[in-house]
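Novice: Okay, handing you the structure first.
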Amino acid sequence: MSAVEVRDLHKLYRRYGRRKNFGTLKSALLGGRLRADLRPDASFEALKDVSFTLARGRTLGIVGRNGSGKSTLLKLIAGIGRPTSGTIDVEGRVSALIELGAGFHPEISGRENVFINGMMLGLSKREVADRFDDIVRFAEIGEFIDAPVKTYSSGMYMRLGFAVAVHVDPDVLLVDEVLAVGDESFTHKCLDRFADLKRQQKTIVLVTHTLDLVTRLCDEALWLDHGRIRAQGDPKRVIDAYLLDVAATEDAAVSTARPVSHQDSLPQDMTTAAEGRWGSREAEIAGVELRHAHGAPGQVFRSGEPMDIVLAVHAARELTDFVFGVAVYSADGVCCYGTNTHIEGAQPQRLSGKGEVVFRIDALDLTAGTYRLDVAVHRADGVPYDYHRLLYSFRVTSTVKDVGFFRPKHGWTFSGGVEIAGPGVSSEDS
C-alpha cells in the first residue's frame with residue numbers, strides 16, 4: 003500500500019520585482035493601473051511533472067543542488083503549500099520538520115510550544131502530557147523548557163522541533179536539512195531514532211545534502227534537478243549518477259579559464275597559483291580523461307580502486323627536452339601527491355606529432371572527497387610547454403568515513419584481554 007503518491011506535480015511561483023505603490027484604491031482604479039500593477043513580472047516553475055510512489059514503511063532520500071525544488075516538494079507533501087497542478091495523496095498522520103523553528107511561537111515557552119505543536123499534529127492534550135517528559139529528555143533542553151523559545155540557540159530550536167516531530171507517532175515523517183544544525187552526539191541520537199521508526203514500518207522522506215545518509219538510511223533515492231526528476235530508484239545508483247553530474251559541472255566551470263601564453267605572466271609558484279593554463283604550447287596537452295580499470299571514462303571513483311589519467315598530447319615540432327607531470331590536490335588546495343617523469347628517472351627521447359600518456363594509479367588510496375588535478379608537460383628546467391592548473395576534478399567515495407587525504411592499506415590486531423570483531427580485525431592469543 004502506498005503511503006505517499008505524487009502524480010504530475012507542478013508548482014509555479016510568481017515574482018513581483020517592481021515595488022507596487024498605490025496612493026489610494028480610488029486613484030489606482032481611475033488611473034487604470036490596478037491590473038497592470040498587480041501583474042507579476044515573471045514566473046518560476048519550481049517543480050515540473052514530478053511523479054513517484056512511496057510504499058508504506060519505506061524511506062526515501064531526496065537529493066539535488068540548491069534550488070532544485072527539494073524543499074518545495076517536501077512542503078507540498080506536508081500540506082504547507084498547494085500545487086499549481088497535479089495531485090498528492092498521503093495516508094496517515096504526517097509529522098514534518100522542514101524549517102528551523104517552524105510552528106514555534108518565539109514569545110512563549112518551550113513547554114507551551116510542545117503542547118501547541120503536539121495538538122496541531124493531531125494529539126490530544128493528554129497524549130502530549132504523557133509524552134512530554136520523553137520529548138524534553140530527547141531534546142536535552144532541561145531547565146530551558148520554561149524559557150521563551152526566542153532565547154534558544156539554533157541547536158536548541160532544532161532539537162526540540164525534532165523531538166516533537168518523532169514523538170507524535172507519525173505515519174509519515176518529513177525531514178529537511180535541519181539535522182545539519184545539531185552536534186555530533188545529537189545527530190547520532192537522531193539516526194538511532196530513524197532506525198527505530200524504520201523498524202516500526204514508518205514512512206520517512208528525507209531531504210539532505212549529506213549523501214552518505216541516503217545510502218545508509220534510505221531504501222530509495224530521488225534526484226531532483228531544476229524541478230524535474232533526473233533519476234530515482236536504488237540509492238547507490240542514484241547518488242553515483244548525481245555525483246558524476248556534479249563533477250562534470252565542476253570540470254565545465256573551470257575549463258573556461260582563459261589561457262595565458264606569455265612567459266612573464268607565469269606564476270612564481272605553481273603549487274599556490276589559482277586555476278588556469280600557461281605555456282608556450284610547443285608541446286600541448288590537447289585532452290585529459292580519467293578512466294576506470296575497465297577503460298570507461300568517469301569522474302567518480304571508489305577509494306582503493308584503480309584510476310588512469312590519460313593525456314592526449316601533441317607537438318608541432320620534434321622535441322627532446324620534455325617532462326610529463328601529474329599532481330593531485332584536495333578541494334581546498336592542499337597537495338596530496340605529485341610526481342613527474344624526471345623525478346622518477348625517465349629519460350626523454352623524442353616527442354613529435356600526436357601521442358598518448360597514461361598515468362596509472364593502481365589503488366586510489368584517498369579518503370572520500372573531491373580532488374583536483376594538475377597536469378603538465380614542461381622542459382627539464384621547469385619552463386612549461388603546457389601547464390593545466392586545477393582544471394580537472396574527480397570525486398572519491400567510500401563507505402568508511404576516516405579523515406585526512408591518504409588511506410593506506412591497513413589492519414588491526416588485538417590480543418590479551420582485548421576482544422573486538424569486525425572487518426579488517428584479527429585476534430592473537432595472549
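Note that the working numbering numbers the sequence shown so that position 406 is 408, with each residue one more than the last. No residue lacks a Cβ here, since even glycine has one placed at the ideal position from N, Cα and C.
(1) What's the gap between the Cα of ILE82 and the Cα of LEU176?
(2) Hey, could you find the ends of the beta strand (DSSP E) THR372 is sitting in?
(3) Using the Cα positions of ASP434 and VAL290, report the straight-line distance between them to the nearest angstrom.
(4) In three-state terms, what does DSSP make of TYR159?
(5) Among all the DSSP beta bridges, which residues are the ones paired with THR341?
(6) Is the distance from the Cβ of PRO85 to the Cβ of VAL151 below 7 Å?
(7) Would you tell me roughly how many angstroms separate the C-alpha atoms of ALA380 and TYR331, rounded to the nearest one?
(8) Can you check whether the CB of ARG161 is closer than 7 Å to the CB of ALA141?
(9) Near VAL405, what residues of its chain come up, given a Cβ to Cβ distance below 8 Å and the 5 sequence neighbours on each side ignored?
(10) Whose C-alpha, out of HIS228, THR189, GLY63 and PHE416, is nearest the C-alpha of GLY69?
(11) Please state whether DSSP places GLU7 in a helix, a strand or coil.
(12) Would you mind reading off the limits of the beta strand (DSSP E) that contains SER73?
(13) Measure how close the beta-carbons of LEU56 and ALA98 come, nearest whole angstrom, since I'm counting them as under 8 Å.
(14) At the level of alpha carbons, what is the spacing between PHE361 and TYR244?
(15) On the DSSP bridge assignment, give the partners of LYS13 in chain order.
(16) Alpha carbon to alpha carbon, how far is ILE100 from HIS169?
(17) Helix, strand or coil for TYR154, going by three-state DSSP, please let me know.
(18) Flag this pair as touching only if the region 351-358 and the region 295-303 have three or more C-beta atom pairs under 8 Å; answer yes or no.
(19) Rank TRP414, ARG58, GLY347 and TYR339 by C-alpha distance to the C-alpha of PRO172 and give the top, closest one.
(20) Grouping DSSP H, G and I as helix and E and B as strand, with all else coil, what is VAL402?
(21) Taking all protein chains shown into account, do 16 or more other C-beta atoms lie within 10 angstroms of the C-beta of SER257, making it buried, or fewer, making it exposed?
Specialist: Reading it off the structure:
(1) Locating residue 82 in the sequence shown gives position 80, where the first residue counts as 1. Locating residue 176 in the sequence shown gives position 174, where the first residue counts as 1. If you take the alpha carbons of ILE82 and LEU176, they lie about 12 Å apart.
(2) Position 370 of the sequence shown, counted from the first residue, corresponds to residue 372. That run of the beta strand (DSSP E) goes 371-380.
(3) The displayed coordinates of the chain run from 3 to 432. Any statement about residue 434 would go beyond what the structure contains.
(4) To locate residue 159, count along the sequence shown from 1; it is residue 157. Helix at TYR159.
(5) Within the sequence shown, the letter at position 339 stands for residue 341. Partner(s): VAL328.
(6) Counting from 1 along the sequence shown, the entry for residue 85 is found at position 83. Counting from 1 along the sequence shown, the entry for residue 151 is found at position 149. No, they are not a contact pair.
(7) As a working note, residue 380 is residue 378 in the sequence shown. As a working note, residue 331 is residue 329 in the sequence shown. It should be noted that the sequence gives His, not Ala, for residue 380. The straight-line gap from Cα to Cα measures roughly 19 Å.
(8) Residue 141 sits at position 139 when you count from the first residue of the sequence shown. Residue 161 sits at position 159 when you count from the first residue of the sequence shown. For ALA141 and ARG161, yes; Cβs fall inside 7 Å.
(9) The count along the sequence shown starts at 1 and reaches residue 405 at position 403. So the list reads THR369, once near-sequence residues are dropped.
(10) Within the sequence shown, numbered from 1, the residue matching residue 69 stands at position 67. The shortest Cα separation from GLY69 among HIS228, THR189, GLY63 and PHE416 belongs to HIS228.
(11) Position 5 of the sequence shown, counting from 1, holds the residue named residue 7. Of the three classes helix, strand and coil, the one that applies to GLU7 here is strand, per DSSP.
(12) As a first step, residue 73 is located in the sequence shown; it is residue number 71 there, counting from the start. That residue, SER73, is in no beta strand (DSSP E); its alpha helix (DSSP H) goes 72-80.
(13) For the purposes of this step, residue 56 is identified with residue 54 of the sequence shown, where counting begins at 1. For the purposes of this step, residue 98 is identified with residue 96 of the sequence shown, where counting begins at 1. Not really, about 15 Å apart at Cβ, beyond 8 Å.
(14) Within the sequence shown, residue 361 is the residue found at index 359, counting from 1. Within the sequence shown, residue 244 is the residue found at index 242, counting from 1. Roughly 26 Å separates the two Cα atoms.
(15) The residue given as residue 13 occupies position 11 in the sequence shown. In DSSP, LYS13 forms a bridge with LEU49.
(16) The sequence position of residue 100 within the sequence shown is 98, counting from 1. The sequence position of residue 169 within the sequence shown is 167, counting from 1. About 16 Å.
(17) In the sequence shown, counting from the first residue as 1, residue 154 sits at position 152. Of the three classes helix, strand and coil, the one that applies to TYR154 here is coil, per DSSP.
(18) no
(19) On the sequence shown, residue 172 is found 170 positions in, with the first residue counted as 1. When only C-alpha atoms are compared, the closest one is ARG58.
(20) Taking the first residue of the sequence shown as 1, we reach residue 402 at position 400. It is coil, neither helix nor strand.
(21) As a position in the sequence shown, residue 257 is number 255, starting the count at 1. Low local confidence applies: a pLDDT of 47 at SER257 is under 50, so the model's placement there is unreliable, and no value is given.
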